[in-house]
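Q: Numbering (this note's numbering), first residue to last: 66 to 794.
Ideal placement from N, C-alpha and C gives every residue a C-beta, glycine not left out.
If you're wondering where the values come from, they're calculated on a predicted model, not measured in any experiment.
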Amino acid sequence: MVRFRGLQSRQILATTGTLAILYCIVVLTYVATSPDLRIRCLLLDSTRPTDLPASVQGVVMRKVELAHDGVAPHLPIPSEGDILTRLAEAPVHSFFDFSRQISNLRRAPLKANGQLPEGADIAELMDVAPELIQDSSMVRWVRLEFYTPSQSADSKAPPTWVRKETYVQVQDIPTSDIVLSLVWFLLQLGVFAVSALAVWRRQEDRSAVLFFGMCIVTLVAFVGGFHWWLVAGSLWLNIPFIICGVLLPVVSLHFFLAYPRLRFPLTTHSRPTLWVGYTIPLASGLLLLLVLERARWFSRFGDDDSALESMKSCLLLIRVLIDVFLAFAGACFLALLVVLAHSRRITRHPIEKNQLEWLLWAGLLATVPVGYTLVLALSNNNDHRVEFALGWTTRFSMFLASLSFLCAYAVGIIRHKLMLIDELVSRGLMFYLARVLLAVGFGVAVSTVLLVLDRLAHQQDAAPGAQRILTLGTILVVTSLILLWLRGRIQQMIDRRFFREKYRLHTAMERINQAVVRVGDPQSLADRMLGSCHDVFQVRSASIYLLEQKPDTFRLAAVRGTPDREVPLQVILEPESIEQLQTHAHILGPRQGGSQAESGPAWPVMQALSAELLYGLELDGRLGVLVALGSKPDETTYTAEDLTFLGALGQVTSVALHSARVHRDVTRLNDELQDKVETIAEQERRIAVVEAQLSHADDAALSRPRDHFSNRPPTTSSTENRSSAVLRP
Numbered sequence: 066m067v068r069f070r071g072l073q074s075r076q077i078l079a080t081t082g083t084l085a086i087l088y089c090i091v092v093l094t095y096v097a098t099s100p101d102l103r104i105r106c107l108l109l110d111s112t113r114p115t116d117l118p119a120s121v122q123g124v125v126m127r128k129v130e131l132a133h134d135g136v137a138p139h140l141p142i143p144s145e146g147d148i149l150t151r152l153a154e155a156p157v158h159s160f161f162d163f164s165r166q167i168s169n170l171r172r173a174p175l176k177a178n179g180q181l182p183e184g185a186d187i188a189e190l191m192d193v194a195p196e197l198i199q200d201s202s203m204v205r206w207v208r209l210e211f212y213t214p215s216q217s218a219d220s221k222a223p224p225t226w227v228r229k230e231t232y233v234q235v236q237d238i239p240t241s242d243i244v245l246s247l248v249w250f251l252l253q254l255g256v257f258a259v260s261a262l263a264v265w266r267r268q269e270d271r272s273a274v275l276f277f278g279m280c281i282v283t284l285v286a287f288v289g290g291f292h293w294w295l296v297a298g299s300l301w302l303n304i305p306f307i308i309c310g311v312l313l314p315v316v317s318l319h320f321f322l323a324y325p326r327l328r329f330p331l332t333t334h335s336r337p338t339l340w341v342g343y344t345i346p347l348a349s350g351l352l353l354l355l356v357l358e359r360a361r362w363f364s365r366f367g368d369d370d371s372a373l374e375s376m377k378s379c380l381l382l383i384r385v386l387i388d389v390f391l392a393f394a395g396a397c398f399l400a401l402l403v404v405l406a407h408s409r410r411i412t413r414h415p416i417e418k419n420q421l422e423w424l425l426w427a428g429l430l431a432t433v434p435v436g437y438t439l440v441l442a443l444s445n446n447n448d449h450r451v452e453f454a455l456g457w458t459t460r461f462s463m464f465l466a467s468l469s470f471l472c473a474y475a476v477g478i479i480r481h482k483l484m485l486i487d488e489l490v491s492r493g494l495m496f497y498l499a500r501v502l503l504a505v506g507f508g509v510a511v512s513t514v515l516l517v518l519d520r521l522a523h524q525q526d527a528a529p530g531a532q533r534i535l536t537l538g539t540i541l542v543v544t545s546l547i548l549l550w551l552r553g554r555i556q557q558m559i560d561r562r563f564f565r566e567k568y569r570l571h572t573a574m575e576r577i578n579q580a581v582v583r584v585g586d587p588q589s590l591a592d593r594m595l596g597s598c599h600d601v602f603q604v605r606s607a608s609i610y611l612l613e614q615k616p617d618t619f620r621l622a623a624v625r626g627t628p629d630r631e632v633p634l635q636v637i638l639e640p641e642s643i644e645q646l647q648t649h650a651h652i653l654g655p656r657q658g659g660s661q662a663e664s665g666p667a668w669p670v671m672q673a674l675s676a677e678l679l680y681g682l683e684l685d686g687r688l689g690v691l692v693a694l695g696s697k698p699d700e701t702t703y704t705a706e707d708l709t710f711l712g713a714l715g716q717v718t719s720v721a722l723h724s725a726r727v728h729r730d731v732t733r734l735n736d737e738l739q740d741k742v743e744t745i746a747e748q749e750r751r752i753a754v755v756e757a758q759l760s761h762a763d764d765a766a767l768s769r770p771r772d773h774f775s776n777r778p779p780t781t782s783s784t785e786n787r788s789s790a791v792l793r794p
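#1: If you reduce the DSSP assignment to three classes, tell me which class Thr81 lands in.
#2: Relative to the C-alpha of Gln645, which candidate in Leu682, Thr98 and Glu756 has its C-alpha closest?
#3: Is it buried or exposed for His649, if we count other Cβ within 10 angstroms and need 16 for buried?
#4: Per DSSP, Lys128 forms a beta bridge with which residues?
#5: Apart from the five residues on each side of it in sequence, which residues of its chain come closer than 8 Å, Cβ to Cβ, to Arg113?
#6: Taking a contact to mean a Cβ-Cβ separation below 9 Å, would you say Ser272 touches Ala323 in this structure?
#7: I want to know whether the segment 382-397 touches the segment 435-451 - three or more CB-CB distances under 8 Å.
#8: Which residue comes first and which comes last in the alpha helix (DSSP H) that contains Pro415?
#9: Is the separation between the beta-carbon of Val296 and that of Ile104 shorter than 9 Å?
#10: Whose CA, out of Asn178, Ser375 and Pro325, lies closest to the CA of Ala406?
#11: Closest to Phe619 by CA distance: which of Gly146, Arg365 and Val670 is it?
#12: For a minimum of 4 consecutive residues, which ranges assigned as the alpha helix (DSSP H) are wholly contained in the segment 626-695?
#13: Let's test the definition: count the other Cβ atoms within 10 Å of the Cβ of Ser371 and tell me whether it reaches 16, buried, or not, exposed.
#14: When burial is assigned at 16 or more other CB atoms within 10 Å of the CB, is Met203 buried or exposed?
#15: If you pair each beta-carbon of the segment 296-308 with each one of the segment 248-266, do three or more pairs fall below 8 Å?
#16: In the DSSP assignment, find the alpha helix (DSSP H) that holds Arg336 and state where it starts and stops.
#17: The alpha helix (DSSP H) that contains Phe276, what's its start and end?
#18: Would you identify the three-state DSSP class for Ile142, choosing helix, strand or coil?
#19: Please go through the same chain and pick out, in chain order, the residues whose beta-carbon is closer than 8 Å to the beta-carbon of Leu353, but skip the five residues on each side of it.
#20: Where does Lys229 sit, in a helix, a strand or coil, going by DSSP?
#21: First and last residue of the alpha helix (DSSP H) that includes Leu402?
#22: For Arg151, which three-state DSSP category applies?
#23: Reducing DSSP to helix, strand and coil, say where Phe161 ends up.
#24: Since Ala466 sits in a beta bridge, which residues does DSSP pair it with?
#25: Please classify Val584: does DSSP put it in a helix, a strand, or coil?
#26: Assign Arg750 to one of three DSSP states: helix, strand, or coil.
#27: Using C-beta distances below 8 Å, list every residue in its chain close to Ile281, excluding the 5 sequence neighbours before and after it, in chain order.
#28: If distances are taken between C-alpha atoms only, which option among Asp116, Leu93 and Leu738 comes closest to Trp293?
#29: Mapping the DSSP letters down to three states, classify Gln76 as helix, strand or coil.
#30: Any chance the segment 709-725 sits against the segment 675-690, with 3 or more Cβ pairs inside 8 Å?
#31: Assuming Ala693 and Ala676 make a contact with CB atoms under 8 Å, what is their CB distance in whole Å?
#32: When you compare only the Cα positions, how much space is there between Asn447 and Pro239?
#33: Give every residue of the same chain whose Cβ lies closer than 7 Å to the Cβ of Gly395, excluding the five residues on either side of it in the sequence, and list them in chain order.
#34: Nearest-angstrom Cα distance between Thr702 and Val604?
#35: Which word fits Ile745, buried or exposed, when buried means at least 16 other C-beta atoms lie within 10 angstroms of its C-beta?
#36: Since Arg450 is in the alpha helix (DSSP H), which residue starts that stretch and which ends it?
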């Protein structure tokens, strides 16, 4: 199993999923707009009527659902078992001719005499009417030539085949056919969206990638299989359908062998098992596609008997390949059930056990419709094969089988965390349900307006005039603007309802303000900011660094969470990283969608800090704070809302840090000034003491007798020495 990594893997997965969705949309659009005659034929009919003349070459009409209004009045009605030999202007010798002519009706132009006058009877104009006509009510009719058995008077005699012609109404595909496909497509699309989100967030998760691949092949195979008789007429619609159809059993079995953990034989013989498992269906699908296109090529030479025989040989080979593939698919389904039962029995994790139990019950319920379909497909009874290929019960059976797994996936996703959906979305089920309902309601409103305007524009048979187009176009524009405005208002209400307390910015600001008022310490401010980031984003680890004296060196200030390794006490950033943080304020790691060029110089630092995001704050015109945030618990990326929150919190923190720095500088200057004032006061006190001593000494000297001073040696030097000693600090 190849593990997907990096940006390239995301592009591959996104491209593959987008192509699958586009294919389904194209097929559904193609089917919904295809003309239909309510006649179905098999790709290869193995039972040609024995009494049919050899000169009659055509296809057996195996399913005919023509009501009386589907055939022109007073004309014969085809029935099941009749041989269709001509449709419109071309002969029909094979299924490919029939499919080609049906497709040509989509864009077939009317001839000059193709428009019938009002009240005309088509049966009376059979000799002069062209192959494609249109009556006064804008309904089109196409000419059919067919052979039908006519029983003779002798009941024992074989029936004779009579050539007849009729006009059949060109209609749309039955509503029941397209509605079943649309319902299934919308249900599967929800599971597909969850799988796409899971693999987008966790490209290295083997189970998520396999689940996404299984959803892709399921979408393409089922949408194409529901309408195979239309898809088979186009090479470009056939290629994805056949490839995904042959891969569906293998990919499904591969997923259940790898979920929730690898099972035998992937644990011991992974490479040869996968090589054999994928090579056989891919080779079979390629062979099937080549033989099918070769048969289509032979069908273009319908008048050549040898070409017809070669085409029939190719179709016989296709039938054998389809039977072998169906048997292989049935074996894969049984192996899938065995793997599910074994995984459920040996799994000890309660959540995984519940997931597997629901999937096992879904598989057991699907056994009935899948078994019924396989019995019809592999039966030698031609009626059973007709029911398998064209019957509504077969399609409904496969719908029920797929629906059982869809329900199991839904329960597992919502209730038992299949694909860890609770870690992938952080906005609650009701929020997404409200958004989906809003989008659906908006689409229904726009569609209703379009249908009403279209009805108003075509009230008469003639094309709408310029005045009507201008008026109705203006109404459509104004109505769309009103609906868009209403949608925006409702969306704002939903956002306010579900995200009022998402980021709690006011709580973070209160923490910063408390730190400024009570402490005024940069270390405490940094710790408060880091705590707010950790609480809001629920990251596994977070750390914050403050700039030291050197312009590229940052010192650890606080740590939160449980980093993968011990964070360094000091971080040195490259000049390129500092410049990038000053320019863009953040650096995202490769797993967060950042490019290698963006996170290259800083990636070693991010690894050392167990960080997925580096965020820088400027102080006094240079990078002063470095915030390192680790991965979220759900491994989701940091969104624009997250970066906006960081920016708002960072600006307030920068102002608070600047205020704290100014407060610290003012406090330091005040302390220095206070020290100087105290020093000056001490000096003044000492000077006053010295002056008092000198004054006392002078008074004592003046009060003594003169002769006393004459008989004693001078003492000036000793007094000066004492004064110097007193003044000396």
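A: Quick answer:
#1: To locate residue 81, count along the sequence shown from 1; it is residue 16. Three-state DSSP puts Thr81 in a helix.
#2: The count along the sequence shown starts at 1 and reaches residue 645 at position 580. With respect to the C-alpha of Gln645, the residue from Leu682, Thr98 and Glu756 having the closest C-alpha is Leu682.
#3: Numbered from 1 along the sequence shown, position 584 holds the residue referred to as residue 649. With fewer than 16 other Cβ atoms from the protein chains shown falling within 10 Å of its own Cβ, His649 counts as exposed.
#4: Taking the sequence shown and counting its residues from 1, one reaches residue 128 at position 63. Arg105.
#5: Taking the first residue of the sequence shown as position 1, residue 113 is located at position 48. Correct list, in chain order: Val125.
#6: Taking the first residue of the sequence shown as 1, we reach residue 272 at position 207. Taking the first residue of the sequence shown as 1, we reach residue 323 at position 258. For Ser272 and Ala323, yes; Cβs fall inside 9 Å.
#7: Here the segment 382-397 makes contact with the segment 435-451; the two share three or more CB pairs at distances below 8 Å.
#8: The count along the sequence shown starts at 1 and reaches residue 415 at position 350. Start and end: Pro415 to Leu443.
#9: Along the sequence shown, one-based indexing puts residue 296 at 231. Along the sequence shown, one-based indexing puts residue 104 at 39. Inclusion of Val296 and Ile104 in the CB contact set at 9 Å is not warranted, their separation being larger than that value.
#10: Position 341 of the sequence shown, counting from 1, holds the residue named residue 406. Checking every option, the nearest Cα to that of Ala406 belongs to Pro325.
#11: Counting from one through the sequence shown, the residue named residue 619 turns up at place 554. Nearest C-alpha to Phe619 among Gly146, Arg365 and Val670: Val670.
#12: Counting only unbroken stretches of 4 or more residues, the alpha helix (DSSP H) elements lying wholly within the segment 626-695 are 640-649, 661-664 and 668-673, in sequence order.
#13: Numbered from its first residue, the sequence shown carries residue 371 at position 306. In the assembly as shown, Ser371 is an exposed residue. Its beta-carbon has fewer than 16 other beta-carbons within 10 Å.
#14: Looking up residue 203 in the sequence shown gives position 138. Label assigned to Met203: exposed.
#15: For the pair of segments examined, the segment 296-308 was found not to touch the segment 248-266: the number of CB pairs separated by less than 8 Å stays below three.
#16: The residue labelled residue 336 in the question sits at position 271 within the sequence shown. It spans Ser335 to Ser364 - the alpha helix (DSSP H) in which Arg336 sits, taken as one unbroken run.
#17: Taking the first residue of the sequence shown as position 1, residue 276 is located at position 211. In the DSSP assignment, Phe276 falls within the unbroken alpha helix (DSSP H) covering Arg271 to Phe291.
#18: Residue numbering aside, residue 142 sits at position 77 when the sequence shown is read from its first letter. If DSSP states are grouped into helix, strand and coil, Ile142 belongs with coil.
#19: Within the sequence shown, the letter at position 288 stands for residue 353. Here the set comprises Ile307, Val311, Ile383, Leu386, Ile387 and Phe390.
#20: Within the sequence shown, the letter at position 164 stands for residue 229. Looking at Lys229 - three-state DSSP - the assignment turns out to be strand.
#21: Here residue 402 refers to the residue found at position 337 when the sequence shown is read from its first residue. Boundaries of the alpha helix (DSSP H) harbouring Leu402: Asp370 to Ile411, taken from the DSSP string.
#22: In the sequence shown, residue 151 corresponds to position 86, counting from 1. Reduced to three states, the DSSP call for Arg151 is strand.
#23: In the sequence shown, residue 161 corresponds to position 96, counting from 1. The three-state secondary structure of Phe161, taken from DSSP, is helix.
#24: Here residue 466 refers to the residue found at position 401 of the sequence shown. Residue pairing by DSSP places Ala466 opposite no residue, since no beta bridge is assigned to it.
#25: On the sequence shown, residue 584 is found 519 positions in, with the first residue counted as 1. Low confidence applies here, because Val584 scores a pLDDT of 49, under 50, leaving its location unreliable; read the following figure in that light. It is helical.
#26: For the purposes of this step, residue 750 is taken as residue 685 along the sequence shown, with counting starting at 1. Look at Arg750 here: in three-state DSSP terms it is helix.
#27: Taking the sequence shown and counting its residues from 1, the one referred to as residue 281 is at position 216. Apart from sequence neighbours up to five positions away, the residues of its chain that approach Ile281 with a beta-carbon distance below 8 Å are Thr81, Gly82, Ala85, Phe257 and Cys309, ordered along the chain.
#28: On the sequence shown, residue 293 is found 228 positions in, with the first residue counted as 1. When only C-alpha atoms are compared, the closest one is Leu93.
#29: Taking the first residue of the sequence shown as position 1, residue 76 is located at position 11. Correct three-state label for Gln76: helix.
#30: Result yes; three or more Cβ-Cβ pairs closer than 8 Å.
#31: Translated into positions along the sequence shown, residue 693 becomes position 628. Translated into positions along the sequence shown, residue 676 becomes position 611. Taking a contact as a CB-CB distance under 8 Å, the pair Ala693 and Ala676 counts as one, their CB atoms being some 4 Å apart.
#32: On the sequence shown, position 382 is the one that residue 447 refers to. On the sequence shown, position 174 is the one that residue 239 refers to. Within the model, the alpha-carbon separation for Asn447 versus Pro239 is close to 25 Å.
#33: The residue you call residue 395 lines up with position 330 of the sequence shown. Sequence-distant partners of Gly395 (beyond 5 residues in either direction) whose C-beta falls short of 7 Å from its own C-beta, in its chain, are Leu439.
#34: Your numbering for residue 702 matches position 637 in the sequence shown. Your numbering for residue 604 matches position 539 in the sequence shown. Each residue's Cα considered, the two are about 11 Å apart.
#35: Your numbering for residue 745 matches position 680 in the sequence shown. So Ile745 ends up on the exposed side.
#36: Numbered from its first residue, the sequence shown carries residue 450 at position 385. Counting along the chain, the unbroken alpha helix (DSSP H) around Arg450 starts and ends at Asn447 to Leu455.
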